[in-house]
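Everything below concerns the one structure shown next.
Have a look at this one:
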(Lines of atoms letter the chains of each structure in order from A and count residues from 1; the text may use other names and numbers.)
(Lines give C-alpha, C1' and ligand atoms only; values in the text may rest on other atoms or scores of the structure.)
Protein backbone atom coordinates (compact mmCIF):
# COMPACT_ATOMS: atom_id res chain seq x y z
CA UNK A 1 0.00 0.00 0.00
CA UNK A 2 1.36 3.44 -0.94
CA UNK A 3 2.49 5.76 1.83
CA UNK A 4 0.00 8.45 2.79
CA UNK A 5 2.30 10.57 4.93
CA UNK A 6 5.97 11.32 5.54
CA UNK A 7 7.31 13.86 8.00
CA UNK A 8 4.95 16.85 8.21
CA UNK A 9 3.51 16.15 4.72
CA UNK A 10 0.50 14.20 3.58
CA UNK A 11 1.07 12.57 0.18
CA UNK A 12 -1.23 12.81 -2.80
CA UNK A 13 -0.86 11.72 -6.42
CA UNK A 14 2.58 10.63 -7.71
CA UNK A 15 4.30 13.13 -10.01
CA UNK A 16 6.83 10.65 -11.41
CA UNK A 17 7.28 6.95 -12.00
CA UNK A 18 9.10 4.86 -9.37
CA UNK A 19 12.86 4.70 -9.90
CA UNK A 20 15.82 3.34 -8.00
CA UNK A 21 16.60 6.95 -7.06
CA UNK A 22 13.10 7.45 -5.61
CA UNK A 23 9.68 8.75 -6.60
CA UNK A 24 8.14 12.23 -6.48
CA UNK A 25 4.68 12.88 -4.99
CA UNK A 26 2.46 15.90 -4.63
CA UNK A 27 2.40 16.71 -0.93
CA UNK A 28 0.67 19.08 1.46
CA UNK A 29 2.26 20.45 4.63
CA UNK A 30 -0.31 19.59 7.28
CA UNK A 31 0.26 22.68 9.43
CA UNK A 32 1.15 25.34 6.87
CA UNK A 33 -1.26 24.01 4.21
CA UNK A 34 1.42 24.55 1.60
CA UNK A 35 1.83 22.37 -1.50
CA UNK A 36 5.23 20.82 -2.23
CA UNK A 37 6.81 18.19 -4.44
CA UNK A 38 8.08 15.42 -2.16
CA UNK A 39 10.87 13.16 -3.36
CA UNK A 40 11.00 9.90 -1.36
CA UNK A 41 13.89 7.45 -1.61
CA UNK A 42 14.92 4.44 0.45
CA UNK A 43 17.57 4.76 3.16
CA UNK A 44 20.62 2.66 2.23
CA UNK A 45 21.65 -0.20 4.48
CA UNK A 46 24.16 0.64 7.22
CA UNK A 47 23.33 4.34 7.40
CA UNK A 48 25.59 5.75 10.13
CA UNK A 49 24.95 8.70 12.46
CA UNK A 50 27.77 10.52 10.64
CA UNK A 51 26.00 10.04 7.32
CA UNK A 52 22.76 11.33 8.80
CA UNK A 53 24.58 14.38 10.15
CA UNK A 54 26.18 15.03 6.76
CA UNK A 55 22.77 14.70 5.08
CA UNK A 56 21.27 17.24 7.51
CA UNK A 57 24.21 19.63 7.02
CA UNK A 58 23.99 19.55 3.23
CA UNK A 59 20.23 19.91 3.45
CA UNK A 60 20.69 23.18 5.35
CA UNK A 61 23.11 24.35 2.65
CA UNK A 62 20.65 23.35 -0.06
CA UNK A 63 17.91 25.44 1.55
CA UNK A 64 20.08 28.53 1.06
CA UNK A 65 19.85 28.26 -2.75
CA UNK A 66 17.26 30.92 -3.51
CA UNK A 67 16.93 32.07 -7.09
CA UNK A 68 13.97 32.34 -9.40
CA UNK A 69 15.70 29.96 -11.83
CA UNK A 70 16.23 27.25 -9.20
CA UNK A 71 13.54 24.94 -7.79
CA UNK A 72 13.73 25.74 -4.10
CA UNK A 73 14.23 23.04 -1.47
CA UNK A 74 12.20 23.51 1.72
CA UNK A 75 13.92 20.78 3.72
CA UNK A 76 13.73 17.05 4.31
CA UNK A 77 14.30 14.27 6.79
CA UNK A 78 13.89 10.57 7.58
CA UNK A 79 11.29 8.13 8.77
CA UNK A 80 11.88 4.48 9.63
CA UNK A 81 12.78 3.29 6.11
CA UNK A 82 12.87 6.30 3.82
CA UNK A 83 14.40 9.73 3.42
CA UNK A 84 12.59 12.62 1.77
CA UNK A 85 13.22 16.04 0.25
CA UNK A 86 10.51 18.70 -0.05
CA UNK A 87 10.69 21.02 -3.06
CA UNK A 88 8.81 24.04 -4.30
CA UNK A 89 5.75 22.99 -6.30
CA UNK A 90 6.19 24.52 -9.75
CA UNK A 91 3.01 24.70 -11.80
CA UNK A 92 4.28 24.01 -15.28
CA UNK A 93 5.78 21.34 -17.51
CA UNK A 94 9.17 19.67 -17.69
CA UNK A 95 11.34 20.49 -20.69
CA UNK A 96 11.36 16.78 -21.53
CA UNK A 97 7.56 16.80 -21.80
CA UNK A 98 7.55 19.99 -23.88
CA UNK A 99 10.08 18.57 -26.35
CA UNK A 100 8.17 15.29 -26.59
CA UNK A 101 5.09 17.28 -27.54
CA UNK A 102 6.68 19.91 -29.80
CA UNK A 103 9.79 18.02 -31.03
CA UNK A 104 11.92 21.17 -31.07
CA UNK A 105 11.60 24.81 -30.07
CA UNK A 106 11.99 28.03 -32.09
CA UNK A 107 15.49 29.40 -31.59
CA UNK A 108 14.09 32.54 -29.93
CA UNK A 109 12.35 30.42 -27.27
CA UNK A 110 15.41 28.20 -26.82
CA UNK A 111 17.57 31.30 -26.35
CA UNK A 112 15.17 32.73 -23.75
CA UNK A 113 15.25 29.53 -21.68
CA UNK A 114 19.03 29.23 -22.11
CA UNK A 115 19.60 32.77 -20.85
CA UNK A 116 17.55 32.01 -17.74
CA UNK A 117 19.44 28.76 -17.12
CA UNK A 118 22.81 30.50 -17.53
CA UNK A 119 21.74 33.10 -14.96
CA UNK A 120 20.70 30.37 -12.51
CA UNK A 121 23.99 28.52 -13.04
CA UNK A 122 25.92 31.73 -12.46
CA UNK A 123 24.17 32.22 -9.14
CA UNK A 124 24.66 28.60 -8.07
CA UNK A 125 28.33 28.56 -9.03
CA UNK A 126 28.83 31.80 -7.12
CA UNK A 127 27.30 30.07 -4.09
CA UNK A 128 29.70 27.14 -4.49
CA UNK A 129 27.20 24.71 -6.02
CA UNK A 130 27.62 22.50 -9.12
CA UNK A 131 24.63 20.64 -10.55
CA UNK A 132 26.44 17.90 -12.47
CA UNK A 133 23.29 16.31 -13.96
CA UNK A 134 21.80 19.05 -16.12
CA UNK A 135 19.37 17.67 -18.71
CA UNK A 136 15.80 18.41 -19.93
CA UNK A 137 14.25 16.22 -17.23
CA UNK A 138 15.78 18.45 -14.53
CA UNK A 139 14.29 21.65 -16.00
CA UNK A 140 10.73 22.81 -15.42
CA UNK A 141 9.13 25.63 -17.41
CA UNK A 142 6.59 27.41 -15.23
CA UNK A 143 3.25 28.64 -16.49
CA UNK A 144 4.74 32.15 -16.64
CA UNK A 145 7.67 31.03 -18.81
CA UNK A 146 10.33 30.81 -16.08
CA UNK A 147 12.93 28.07 -16.61
CA UNK A 148 13.76 26.45 -13.25
CA UNK A 149 16.57 23.96 -12.64
CA UNK A 150 15.75 21.29 -10.08
CA UNK A 151 17.39 18.40 -8.21
CA UNK A 152 20.43 20.13 -6.75
CA UNK A 153 22.33 17.99 -4.26
CA UNK A 154 25.74 17.14 -2.83
CA UNK A 155 27.65 13.98 -1.91
CA UNK A 156 25.78 12.93 1.23
CA UNK A 157 22.40 13.30 -0.45
CA UNK A 158 23.49 11.86 -3.81
CA UNK A 159 25.02 8.80 -2.13
CA UNK A 160 21.52 7.78 -1.04
CA UNK A 161 20.20 7.89 -4.61
CA UNK A 162 23.04 6.19 -6.45
CA UNK A 163 21.99 4.39 -9.62
CA UNK A 164 23.74 3.49 -12.90
CA UNK A 165 23.78 6.21 -15.55
CA UNK A 166 20.89 5.86 -17.97
CA UNK A 167 21.33 6.50 -21.72
CA UNK A 168 19.51 9.83 -21.31
CA UNK A 169 21.93 10.90 -18.59
CA UNK A 170 24.96 9.89 -20.69
CA UNK A 171 23.71 12.00 -23.62
CA UNK A 172 23.99 15.15 -21.49
CA UNK A 173 27.15 14.27 -19.56
CA UNK A 174 30.48 15.97 -20.30
CA UNK A 175 33.25 13.75 -21.79
CA UNK A 176 35.68 14.31 -18.89
CA UNK A 177 33.20 12.82 -16.43
CA UNK A 178 33.99 9.37 -17.86
CA UNK A 179 37.66 9.97 -17.05
CA UNK A 180 36.65 10.25 -13.37
CA UNK A 181 36.91 14.05 -13.29
CA UNK A 182 34.66 15.29 -10.44
CA UNK A 183 31.67 17.43 -11.55
CA UNK A 184 32.61 21.09 -11.89
CA UNK A 185 31.34 24.32 -13.44
CA UNK A 186 32.66 23.41 -16.90
CA UNK A 187 30.61 20.20 -16.86
CA UNK A 188 27.52 22.25 -16.07
CA UNK A 189 28.28 24.43 -19.10
CA UNK A 190 28.55 21.32 -21.28
CA UNK A 191 25.17 20.20 -19.92
CA UNK A 192 23.72 23.62 -20.80
CA UNK A 193 25.08 23.27 -24.34
CA UNK A 194 23.58 19.78 -24.69
CA UNK A 195 20.20 21.05 -23.49
CA UNK A 196 20.37 23.97 -25.94
CA UNK A 197 21.28 21.59 -28.77
CA UNK A 198 18.27 19.42 -27.92
CA UNK A 199 15.88 22.36 -27.76
CA UNK A 200 17.08 23.65 -31.14
CA UNK A 201 17.30 20.37 -33.07
CA UNK A 202 14.85 18.09 -31.27
CA UNK A 203 17.56 15.51 -30.52
CA UNK A 204 20.52 15.24 -28.12
CA UNK A 205 24.00 15.95 -29.51
CA UNK A 206 24.99 12.26 -29.14
CA UNK A 207 22.93 9.17 -29.86
CA UNK A 208 23.68 5.47 -29.49
CA UNK A 209 22.09 2.08 -29.09
CA UNK A 210 23.48 1.33 -25.64
CA UNK A 211 25.45 2.92 -22.79
CA UNK A 212 28.86 1.82 -24.08
CA UNK A 213 28.30 3.19 -27.60
CA UNK A 214 26.90 6.42 -26.16
CA UNK A 215 29.97 6.96 -24.00
CA UNK A 216 32.22 6.42 -27.03
CA UNK A 217 30.12 8.91 -28.98
CA UNK A 218 30.35 11.49 -26.19
CA UNK A 219 34.10 11.06 -25.86
CA UNK A 220 35.15 10.88 -29.50
CA UNK A 221 32.18 10.99 -31.87
CA UNK A 222 31.47 13.88 -34.24
CA UNK A 223 28.65 16.22 -33.24
CA UNK A 224 26.70 17.59 -36.17
CA UNK A 225 26.33 21.37 -35.89
CA UNK A 226 22.96 22.92 -35.08
CA UNK A 227 23.09 25.19 -38.14
CA UNK A 228 23.47 22.21 -40.49
CA UNK A 229 20.15 20.85 -39.21
CA UNK A 230 18.19 24.02 -38.42
CA UNK A 231 18.59 26.49 -41.25
CA UNK A 232 17.02 29.43 -39.41
CA UNK A 233 19.45 29.15 -36.49
CA UNK A 234 21.58 32.32 -36.32
CA UNK A 235 25.28 31.69 -36.77
CA UNK A 236 26.20 33.27 -33.43
CA UNK A 237 23.84 30.92 -31.59
CA UNK A 238 25.34 27.97 -33.47
CA UNK A 239 28.81 29.12 -32.40
CA UNK A 240 27.82 29.45 -28.73
CA UNK A 241 26.36 25.93 -28.66
CA UNK A 242 29.50 24.60 -30.34
CA UNK A 243 31.74 26.24 -27.76
CA UNK A 244 29.67 24.86 -24.86
CA UNK A 245 29.93 21.35 -26.34
CA UNK A 246 33.71 21.49 -26.83
CA UNK A 247 35.26 18.21 -25.66
CA UNK A 248 38.19 20.00 -24.08
CA UNK A 249 36.86 21.92 -21.03
CA UNK A 250 39.47 24.62 -21.66
CA UNK A 251 37.79 25.40 -24.99
CA UNK A 252 34.41 26.02 -23.33
CA UNK A 253 33.44 29.47 -22.05
CA UNK A 254 35.28 30.45 -18.90
CA UNK A 255 32.14 30.63 -16.77
CA UNK A 256 28.36 31.05 -16.79
CA UNK A 257 29.00 34.80 -16.70
CA UNK A 258 30.91 34.54 -19.97
CA UNK A 259 27.95 32.66 -21.48
CA UNK A 260 25.58 35.43 -20.42
CA UNK A 261 27.83 38.07 -21.96
CA UNK A 262 27.94 36.04 -25.16
CA UNK A 263 24.13 35.94 -25.20
CA UNK A 264 23.96 39.71 -24.75
CA UNK A 265 26.41 40.27 -27.58
CA UNK A 266 24.48 37.80 -29.71
CA UNK A 267 21.23 39.65 -29.16
CA UNK A 268 22.91 42.88 -30.14
CA UNK A 269 24.09 41.34 -33.38
CA UNK A 270 20.67 39.87 -34.04
CA UNK A 271 19.08 43.30 -33.67
CA UNK A 272 21.48 44.54 -36.35
CA UNK A 273 19.93 42.07 -38.82
CA UNK A 274 22.92 40.17 -40.20
CA UNK A 275 20.57 38.21 -42.45
CA UNK A 276 21.96 35.85 -45.10
CA UNK A 277 25.50 36.29 -43.83
CA UNK A 278 24.50 34.17 -40.82
CA UNK A 279 23.70 31.22 -43.06
CA UNK A 280 26.80 31.72 -45.20
CA UNK A 281 29.08 31.73 -42.19
CA UNK A 282 27.35 28.64 -40.83
CA UNK A 283 28.16 26.73 -44.01
CA UNK A 284 24.84 27.25 -45.80
CA UNK A 285 25.37 29.69 -48.63
CA UNK A 286 23.22 30.10 -51.74
CA UNK A 287 26.36 31.24 -53.49
CA UNK A 288 27.67 27.65 -53.20
CA UNK A 289 24.44 26.01 -54.41
CA UNK A 290 24.29 24.47 -57.86
CA UNK A 291 21.12 26.29 -58.88
CA UNK A 292 20.15 28.87 -61.44
CA UNK A 293 19.78 32.61 -60.78
CA UNK A 294 16.03 32.41 -60.15
CA UNK A 295 16.47 29.77 -57.44
CA UNK A 296 19.30 31.75 -55.82
CA UNK A 297 17.14 34.90 -55.78
CA UNK A 298 14.36 32.91 -54.11
CA UNK A 299 16.72 31.67 -51.36
CA UNK A 300 18.07 35.16 -50.82
CA UNK A 301 14.58 36.64 -50.68
CA UNK A 302 15.15 38.95 -53.63
CA UNK A 303 12.05 39.92 -55.57
CA UNK A 304 12.39 39.96 -59.33
CA UNK A 305 12.05 43.38 -60.84
CA UNK A 306 9.84 44.04 -63.81
CA UNK A 307 11.68 44.93 -67.00
CA UNK A 308 11.81 48.63 -67.66
CA UNK A 309 10.33 49.90 -70.86
CA UNK A 310 12.52 52.97 -70.76
CA UNK A 311 16.28 52.75 -71.14
CA UNK A 312 16.72 55.62 -68.69
CA UNK A 313 18.51 54.51 -65.51
CA UNK A 314 17.69 55.99 -62.12
CA UNK A 315 20.54 57.86 -60.40
CA UNK A 316 20.15 55.46 -57.46
CA UNK A 317 20.93 52.52 -59.76
CA UNK A 318 23.92 54.10 -61.48
CA UNK A 319 27.36 52.55 -61.00
CA UNK A 320 28.95 55.67 -59.50
CA UNK A 321 26.20 56.00 -56.88
CA UNK A 322 26.42 52.35 -55.85
CA UNK A 323 30.23 52.54 -55.59
CA UNK A 324 29.99 55.73 -53.50
CA UNK A 325 27.42 54.18 -51.19
CA UNK A 326 29.62 51.11 -50.77
CA UNK A 327 32.63 53.25 -49.88
CA UNK A 328 30.57 55.21 -47.34
CA UNK A 329 29.35 51.97 -45.78
CA UNK A 330 32.90 50.65 -45.53
CA UNK A 331 34.03 53.95 -44.00
CA UNK A 332 31.23 53.79 -41.41
CA UNK A 333 32.13 50.21 -40.55
CA UNK A 334 35.80 51.12 -40.13
CA UNK A 335 34.81 54.08 -37.94
CA UNK A 336 32.72 51.93 -35.63
CA UNK A 337 35.45 49.29 -35.46
CA UNK A 338 38.11 51.76 -34.37
CA UNK A 339 39.30 51.18 -30.80
CA UNK A 340 37.75 53.38 -28.13
CA UNK A 341 39.63 56.41 -26.86
CA UNK A 342 40.76 56.61 -23.25
CA UNK A 343 37.73 58.76 -22.43
CA UNK A 344 35.46 56.32 -24.25
CA UNK A 345 36.85 53.40 -22.26
CA UNK A 346 36.22 55.28 -19.03
CA UNK A 347 32.63 56.14 -19.99
CA UNK A 348 31.85 52.50 -20.82
CA UNK A 349 33.44 51.38 -17.54
CA UNK A 350 31.50 53.94 -15.50
CA UNK A 351 28.18 52.71 -16.88
CA UNK A 352 28.97 49.12 -15.92
CA UNK A 353 30.34 50.06 -12.49
CA UNK A 354 27.10 51.94 -11.73
CA UNK A 355 25.24 48.63 -12.03
CA UNK A 356 24.38 46.49 -9.01
CA UNK A 357 25.33 43.32 -10.90
CA UNK A 358 28.81 42.05 -10.08
CA UNK A 359 29.00 40.45 -13.55
CA UNK A 360 28.92 43.99 -14.98
CA UNK A 361 31.70 45.04 -12.59
CA UNK A 362 33.89 42.17 -13.79
CA UNK A 363 33.11 43.07 -17.40
CA UNK A 364 34.11 46.69 -16.73
CA UNK A 365 37.41 45.57 -15.21
CA UNK A 366 38.28 42.97 -17.85
CA UNK A 367 37.24 44.96 -20.92
CA UNK A 368 37.62 48.68 -20.20
CA UNK A 369 39.63 49.36 -17.05
CA UNK A 370 42.37 46.94 -18.06
CA UNK A 371 42.21 48.44 -21.55
CA UNK A 372 42.96 51.90 -20.15
CA UNK A 373 46.09 50.64 -18.35
CA UNK A 374 47.29 48.60 -21.32
CA UNK A 375 46.77 51.23 -24.01
CA UNK A 376 47.16 54.42 -21.96
CA UNK A 377 49.54 53.55 -19.07
CA UNK A 378 50.44 57.22 -18.58
CA UNK A 379 47.03 58.63 -19.48
CA UNK A 380 44.97 60.97 -17.35
CA UNK A 381 42.57 58.16 -16.36
CA UNK A 382 45.16 55.48 -15.53
CA UNK A 383 45.17 56.24 -11.79
CA UNK A 384 41.37 56.18 -11.71
CA UNK A 385 41.34 52.86 -13.60
CA UNK A 386 43.81 51.36 -11.10
CA UNK A 387 41.61 52.38 -8.16
CA UNK A 388 38.50 50.93 -9.79
CA UNK A 389 40.24 47.65 -10.64
CA UNK A 390 41.22 47.33 -6.97
CA UNK A 391 37.62 48.11 -6.00
CA UNK A 392 36.29 45.32 -8.26
CA UNK A 393 38.98 42.93 -6.97
CA UNK A 394 37.88 43.73 -3.40
CA UNK A 395 34.23 43.03 -4.21
CA UNK A 396 35.21 39.73 -5.79
CA UNK A 397 37.41 38.82 -2.80
CA UNK A 398 34.56 39.55 -0.38
CA UNK A 399 32.11 37.38 -2.35
CA UNK A 400 34.65 34.57 -2.33
CA UNK A 401 35.19 34.91 1.43
CA UNK A 402 31.44 34.86 2.05
CA UNK A 403 30.98 31.77 -0.08
CA UNK A 404 33.90 29.83 1.40
CA UNK A 405 32.97 30.79 4.96
CA UNK A 406 29.40 29.68 4.35
CA UNK A 407 30.62 26.32 3.01
CA UNK A 408 33.31 25.86 5.67
CA UNK A 409 36.12 25.88 3.08
CA UNK A 410 38.58 28.05 5.03
CA UNK A 411 41.58 25.71 5.24
CA UNK A 412 43.51 27.51 2.50
CA UNK A 413 42.82 31.04 3.70
CA UNK A 414 45.75 33.42 4.15
CA UNK A 415 46.36 34.94 7.56
CA UNK A 416 44.94 38.24 6.28
CA UNK A 417 41.71 36.52 5.24
CA UNK A 418 41.41 34.81 8.63
CA UNK A 419 41.96 38.11 10.46
CA UNK A 420 39.45 39.91 8.24
CA UNK A 421 36.77 37.27 8.92
CA UNK A 422 37.39 37.67 12.67
CA UNK A 423 37.20 41.47 12.49
CA UNK A 424 33.99 41.22 10.52
CA UNK A 425 32.44 39.06 13.26
CA UNK A 426 32.98 41.84 15.78
CA UNK A 427 31.53 44.44 13.41
CA UNK A 428 28.45 42.30 12.76
CA UNK A 429 28.07 41.69 16.50
CA UNK A 430 27.98 45.46 16.90
CA UNK A 431 31.36 45.90 18.63
CA UNK A 432 32.76 48.64 16.43
CA UNK A 433 35.65 49.41 18.78
CA UNK A 434 37.19 45.94 18.58
CA UNK A 435 36.35 45.65 14.89
CA UNK A 436 38.15 48.94 14.24
CA UNK A 437 41.26 47.71 16.07
CA UNK A 438 41.22 44.45 14.13
CA UNK A 439 40.79 46.16 10.75
CA UNK A 440 43.63 48.58 11.56
CA UNK A 441 45.89 45.66 12.46
CA UNK A 442 45.18 44.06 9.06
CA UNK A 443 46.21 47.24 7.25
CA UNK A 444 49.39 47.56 9.34
CA UNK A 445 50.43 43.90 9.11
CA UNK A 446 49.55 43.06 5.52
CA UNK A 447 49.50 46.45 3.76
CA UNK A 448 52.68 45.72 1.81
CA UNK A 449 51.74 42.21 0.64
CA UNK A 450 50.49 42.19 -2.95
CA UNK A 451 48.65 38.88 -2.51
CA UNK A 452 46.55 40.42 0.28
CA UNK A 453 45.88 43.71 -1.48
CA UNK A 454 42.14 43.08 -1.92
CA UNK A 455 41.67 42.12 1.76
CA UNK A 456 43.62 45.17 2.90
CA UNK A 457 41.37 47.38 0.76
CA UNK A 458 38.29 45.77 2.34
CA UNK A 459 39.74 46.47 5.79
CA UNK A 460 40.44 50.11 4.84
CA UNK A 461 36.86 50.51 3.66
CA UNK A 462 35.63 49.06 6.96
CA UNK A 463 37.80 51.53 8.91
CA UNK A 464 36.27 54.46 7.03
CA UNK A 465 32.79 53.02 7.55
CA UNK A 466 33.27 52.64 11.32
CA UNK A 467 34.94 56.01 11.78
CA UNK A 468 31.96 57.69 10.17
CA UNK A 469 29.77 56.38 13.02
CA UNK A 470 31.92 57.86 15.81
CA UNK A 471 32.81 56.22 19.15
CA UNK A 472 33.67 57.32 22.71
CA UNK A 473 36.80 56.39 24.71
CA UNK A 474 35.03 53.63 26.66
CA UNK A 475 33.11 52.33 23.67
CA UNK A 476 34.05 48.67 24.18
CA UNK A 477 33.03 48.54 27.87
CA UNK A 478 29.81 50.38 27.10
CA UNK A 479 29.04 48.04 24.24
CA UNK A 480 29.54 44.83 26.27
CA UNK A 481 27.51 46.21 29.15
CA UNK A 482 24.73 46.97 26.69
CA UNK A 483 24.87 43.38 25.42
CA UNK A 484 24.66 42.11 29.01
CA UNK A 485 21.61 44.28 29.55
CA UNK A 486 20.05 42.96 26.34
CA UNK A 487 20.65 39.38 27.48
CA UNK A 488 19.00 40.10 30.83
CA UNK A 489 16.01 41.74 29.14
CA UNK A 490 15.64 38.73 26.82
CA UNK A 491 15.75 36.38 29.82
CA UNK A 492 13.07 38.42 31.61
CA UNK A 493 10.83 38.01 28.56
CA UNK A 494 11.40 34.23 28.59
CA UNK A 495 13.55 34.37 25.44
CA UNK A 496 16.08 32.01 27.02
CA UNK A 497 17.82 30.98 23.79
CA UNK A 498 18.30 34.59 22.74
CA UNK A 499 19.77 35.46 26.13
CA UNK A 500 22.17 32.51 26.05
CA UNK A 501 23.36 33.38 22.51
CA UNK A 502 24.25 36.92 23.57
CA UNK A 503 26.11 35.73 26.67
CA UNK A 504 27.93 32.98 24.76
CA UNK A 505 29.00 35.52 22.12
CA UNK A 506 30.51 37.77 24.80
CA UNK A 507 32.48 34.86 26.29
CA UNK A 508 33.65 33.61 22.87
CA UNK A 509 34.67 36.98 21.44
CA UNK A 510 36.20 38.60 24.53
CA UNK A 511 37.42 35.67 26.64
CA UNK A 512 41.08 36.66 26.14
CA UNK A 513 40.61 40.44 26.38
CA UNK A 514 41.90 41.54 29.81
CA UNK A 515 40.53 45.02 29.32
CA UNK A 516 36.96 43.75 29.72
CA UNK A 517 37.68 40.67 31.87
CA UNK A 518 35.22 41.65 34.66
CA UNK A 519 32.38 41.95 32.16
CA UNK A 520 33.28 38.61 30.56
CA UNK A 521 33.30 36.98 33.99
CA UNK A 522 29.89 38.45 34.64
CA UNK A 523 28.63 36.90 31.39
CA UNK A 524 30.08 33.50 32.35
CA UNK A 525 28.43 33.61 35.76
CA UNK A 526 25.04 34.54 34.33
CA UNK A 527 25.33 31.86 31.65
CA UNK A 528 26.06 29.22 34.30
CA UNK A 529 23.01 30.35 36.28
CA UNK A 530 20.77 29.99 33.23
CA UNK A 531 22.18 26.57 32.29
CA UNK A 532 21.98 25.24 35.85
CA UNK A 533 18.99 26.83 37.57
CA UNK A 534 18.77 26.00 41.28
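Residue numbers (our numbering): 2 to 535.
Where is the CB? At the ideal position from N, CA and C, for every residue including glycine.
Looking at the unbroken alpha helix (DSSP H) that takes in residue 429, where does it start and where does it end?
From DSSP, the alpha helix (DSSP H) with residue 429 extends over 416 to 430.
Mind pulling the beta strand (DSSP E) runs of 3 or more residues that sit fully within the stretch 181 to 269?
For the stretch 181 to 269, not a single whole beta strand (DSSP E) run of length 3 or above is found.
Can the beta-carbon of residue 427 be found closer than 8 angstroms to that of residue 439?
In this structure, residue 439 lies closer than 8 angstroms to residue 427 by Cβ.
Where does the unbroken alpha helix (DSSP H) through residue 361 begin, and where does it stop?
Looking at the DSSP string, the run of the alpha helix (DSSP H) that includes residue 361 is 359 to 364.
Considering only DSSP beta bridges, list what residue 537 is partnered with.
Because the chain is modelled from 2 through 535, residue 537 falls outside the range shown and cannot be assessed.
What residue range does the alpha helix (DSSP H) around residue 102 cover?
First-last of the alpha helix (DSSP H) with residue 102: 96 to 103.
CA-CA distance, residue 515 and residue 492?
Cα to Cα, residue 515 sits roughly 27 angstroms from residue 492.
Residues in the same chain with beta-carbon distance under 7 angstroms from residue 1, minus the five sequence neighbours each way, listed in chain order, please.
There is no way to answer for residue 1, as the model of the chain reaches only from 2 to 535.
Leaving out the 5 sequence neighbours to the left and right, which residues in its chain are closer than 8 angstroms to residue 496 when beta-carbon positions are compared?
Result list for residue 496: empty, nothing under 8 angstroms.
Hey, residue 150 and residue 132 are a contact pair by Cβ (cut 8 angstroms); roughly how many whole angstroms apart?
So it is a contact: roughly 7 angstroms between Cβ atoms.
Thinking just about the alpha-carbon of each residue, which of 168, 38, 28 and 59 is nearest to the one in residue 130?
Nearest C-alpha to residue 130: 59.
Report the option in 463, 38 and 397 whose CA atom is closest to the CA atom of residue 421.
Nearest of 463, 38 and 397 to residue 421, Cα basis: 463.
Do you know how far the Cα of residue 146 is from the Cα of residue 192?
Cα to Cα, residue 192 sits roughly 21 angstroms from residue 146.
Would you kindly work out how many angstroms separate the C-alpha atoms of residue 57 and residue 237, rounded to a whole number?
Roughly 44 angstroms separates the two Cα atoms.
I'd like the span of the alpha helix (DSSP H) that includes residue 345, first residue to last.
Residue 345 -> alpha helix (DSSP H) spans 343 to 354.
Are the stretch 230 to 250 and the stretch 180 to 200 touching by the rule of at least three beta carbon pairs closer than 8 angstroms?
Because the criterion of three Cβ pairs below 8 angstroms is met, the stretch 230 to 250 and the stretch 180 to 200 touch.
Do the stretch 500 to 507 and the stretch 519 to 533 make contact, defined as three or more Cβ pairs closer than 8 angstroms?
Result yes; three or more Cβ-Cβ pairs closer than 8 angstroms.
Round the Cβ separation of residue 485 and residue 528 to the nearest angstrom and send it over; I've been treating them as touching at under 8 angstroms.
Not a contact, Cβ separation roughly 11 angstroms.
Which value, in whole angstroms, describes the spacing of the CA atoms of residue 80 and residue 28?
C-alpha separation (whole angstroms): 16 angstroms.
Exposed or buried, which one is residue 458 when buried takes at least 16 other CB atoms within 10 Å?
That one is buried.
Using DSSP's beta-bridge definition, name the partner residues of residue 89.
According to DSSP, which records beta bridges pairwise, residue 89 is partnered with 37.
Secondary structure at residue 6, three-state DSSP: helix, strand or coil?
DSSP places residue 6 in strand when its eight states are reduced to three.
Beta-carbon separation of residue 488 and residue 500 under 8 angstroms?
Contact: yes.
What does DSSP give as the partner residue(s) for residue 76 in the beta ladder?
Residue 76 pairs with 87.
If contacts are defined as beta-carbon pairs under 8 angstroms, then residue 373 and residue 343 qualify, I think. What distance do you get, rounded to the angstrom?
6 angstroms between Cβ atoms; contact.
With distance defined between alpha-carbon atoms, name the residue in 345, 64, 33 and 16 nearest to residue 26.
Among 345, 64, 33 and 16, the Cα nearest to that of residue 26 is on 16.
Going by C-alpha distance, which of 353, 258, 416 and 455 is nearest residue 122?
Of the listed residues, the one whose Cα sits closest to residue 122 is 258.
Among the residues of its own chain, which have a CB less than 6 angstroms from the CB of residue 371, if the five just before and after it don't count?
Excluding sequence neighbours, residue 371 sits near nothing in its chain.
Measure the alpha-carbon distance for residue 206 versus residue 71 and round it to whole angstroms.
Whole-angstrom Cα-Cα distance: 25 angstroms.
Pairing CB atoms from the stretch 89 to 107 with CB atoms from the stretch 132 to 141, are three or more of them under 8 angstroms?
The stretch 89 to 107, when compared against the stretch 132 to 141, does touch it at the 8 angstroms Cβ threshold.
Let's test the definition: count the other Cβ atoms within 10 Å of the Cβ of residue 208 and tell me whether it reaches 16, buried, or not, exposed.
Classification for residue 208: exposed.
Which same chain residues end up closer than 6 angstroms to residue 13 when comparing Cβ atoms and leaving out the 5 residues on each side of it in sequence?
Result list for residue 13: 27, in chain order.
Where does residue 410 fall in DSSP's three states?
In the structure shown, residue 410 sits in coil (DSSP, three-state: anything other than H, G, I, E or B).
Going by the beta-carbon positions, is the gap between residue 262 and residue 364 smaller than 8 angstroms?
Cβ distance < 8 angstroms, so residue 262 and residue 364 count as in contact.
Measuring alpha carbon to alpha carbon, tell me which residue in 181, 255, 185 and 167 is nearest residue 214.
Cα-wise, what sits closest to residue 214 is 167.
Using the C-alpha atoms, what's the distance from residue 398 back to residue 91?
So the two alpha carbons sit approximately 35 angstroms from each other.
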